[in-house]
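Have a look at the structure below, then the notes.
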Amino acid sequence: MGVAVPGWLDVPAGKILKAANLPCWSNYPLAQKLHEAYGLPVRMENDASAAAAAEGRWGSAGRFHNFFYVSLGTGIGTGIVHRDERGNLQIISSEGGHMSIDYRGPLCPCGKRGCVEMYASGKALARGAKSLLAQRRLKNSPLAQLARRTSGGLNAELIGRAAARGERVAVQVVDEAVERLTVWLGNVIDLLEPEAIVFGGGLGRLMFSYAPQMRRRLQTLASHPRGSQVRIIQAQFGSQSALLGAAALWSRNGSQHGS
Ligand SMILES: [Zn+2]
């Protein structure tokens, strides 16, 4: 079995050390539990790292020697990928969504303040819209009316579509998320100097549609003189990337894990 799970892992021990959005799994021996239940050998990897491996092997990042993969969904996952001279992928597991961009920012479930996940994930978009719509002057805005008509409230997909239609409140929410995400990407570019940044996950397509705006802002938000020229591309497998990544753990020349 190949398993892709969110959080900080001890891969050789098959353990989930901690997962910000799954507090019940702390120091949890998932690989062993699955082995006991199914009687099969189990390999596991961080979900975004597995997705990055799939994109590097079979997907849209196949031509790059090194790239930074961003999974945008409920949270923000990351994978750092390097391809060696023989074409083997080295994956460095990381939970880059928990890099803080404001130490006084809102408290993240991981225990830190101002993680980028608190500003630019699906959850963050929904929260941002909710807090704006709580203002009395926006009570009758088209987005507020949409929220009232939608059972379960607004989600990131609806907000993204409303922003694409030019609805003012939705545009404001998405613009804020894009700006915060770009601040973080500027830091990532200055730290890793990747050839490309790959957007995957359920919100990857939405955020990718703002790539021209991000490139413009990266002229200021990355110090690297070529920071704004780093390629920003869309994942080929979208929200299926992690599934393919789990399969990649058992394919020949499977990616090698680093930490
Ligand atoms: Zn966090």
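All residue numbers for the sequence shown refer to our numbering, where the first residue is 462 and numbers rise by one. Glycine included, every Cβ here is placed at the ideal spot set by N, Cα and C. For clarity, every value in this text was computed on a predicted model and none was experimentally measured.
Here Leu-533 is bridged, per DSSP, to Ile-537. By the criterion of at least three beta-carbon pairs nearer than 8 Å, the region 666-680 is not in contact with the region 478-490. Distance from Ile-562 to Arg-641 at the Cβ level is roughly 6 Å; contact confirmed, criterion being Cβ atoms closer than 8 Å. Of the other Cβ atoms in all chains shown, 16 or more fall within 10 Å of the Cβ of Gly-558; this residue is therefore buried.
Here Ala-608 is near Gly-614, since their CB atoms are less than 8 Å apart. Around the beta carbon of Asp-508, a 10 Å sphere encloses 16 or more other beta carbons of the protein chains shown; the residue is thus reported as buried. When distances are taken from the beta-carbon of Cys-569 to the heavy atoms of ligand 1, the shortest one is below 7 Å.
Straight through space, the alpha carbons of Asn-648 and Leu-682 are spaced by roughly 8 Å. By the CB criterion at 8 Å, Phe-660 and Gln-695 fall inside the cutoff. Here the region 618-625 does not lie against the region 535-547, with fewer than 3 beta-carbon pairs under 8 Å apart. Three or more Cβ pairs closer than 8 Å define a contact, and the region 516-526 falls short of that threshold against the region 494-504. At least one heavy atom of ligand 1 lies less than 7 Å from the C-beta of His-559. Lys-584 sits in a helix when the DSSP states are folded into three classes.
Counting other Cβ atoms within 10 Å of its Cβ, Arg-544 reaches 16 or more and is therefore classed as buried.
Within the region 648-698, the runs of alpha helix (DSSP H) that reach at least 4 residues and sit entirely inside it are, in chain order, 665-669, 672-682. Exposed is the label assigned to Leu-652, since fewer than 16 other Cβ atoms lie within 10 Å of its Cβ. Taken from the Cβ of Lys-573, at least one heavy atom of ligand 1 lies inside 7 Å. Taking 7 Å as the cut-off, the C-beta of Ala-509 does not count as close to any heavy atom of ligand 1.
Scanning its chain for C-beta atoms nearer than 8 Å, with the 5 sequence neighbours on each side dropped, one finds around Ser-521 the residues Val-659, Ile-694, Gln-695, Ala-696, Gln-697, in chain order. In the structure shown, Leu-568 adopts extended strand secondary structure according to DSSP, grouped into three states. For Asp-471, the uninterrupted beta strand (DSSP E) run begins and ends at 469-471, by DSSP. Closest in alpha carbon position to Asn-527, among Ile-650, Ala-481, Pro-603, is Ile-650. Between Ser-582 and Ser-554, the gap from beta carbon to beta carbon reaches 8 Å or more.
Trp-645 counts as buried, since no fewer than 16 other beta carbons sit within 10 angstroms of its beta carbon. When DSSP reads this structure, Phe-528 sits in a beta bridge with Val-542, Ala-657.
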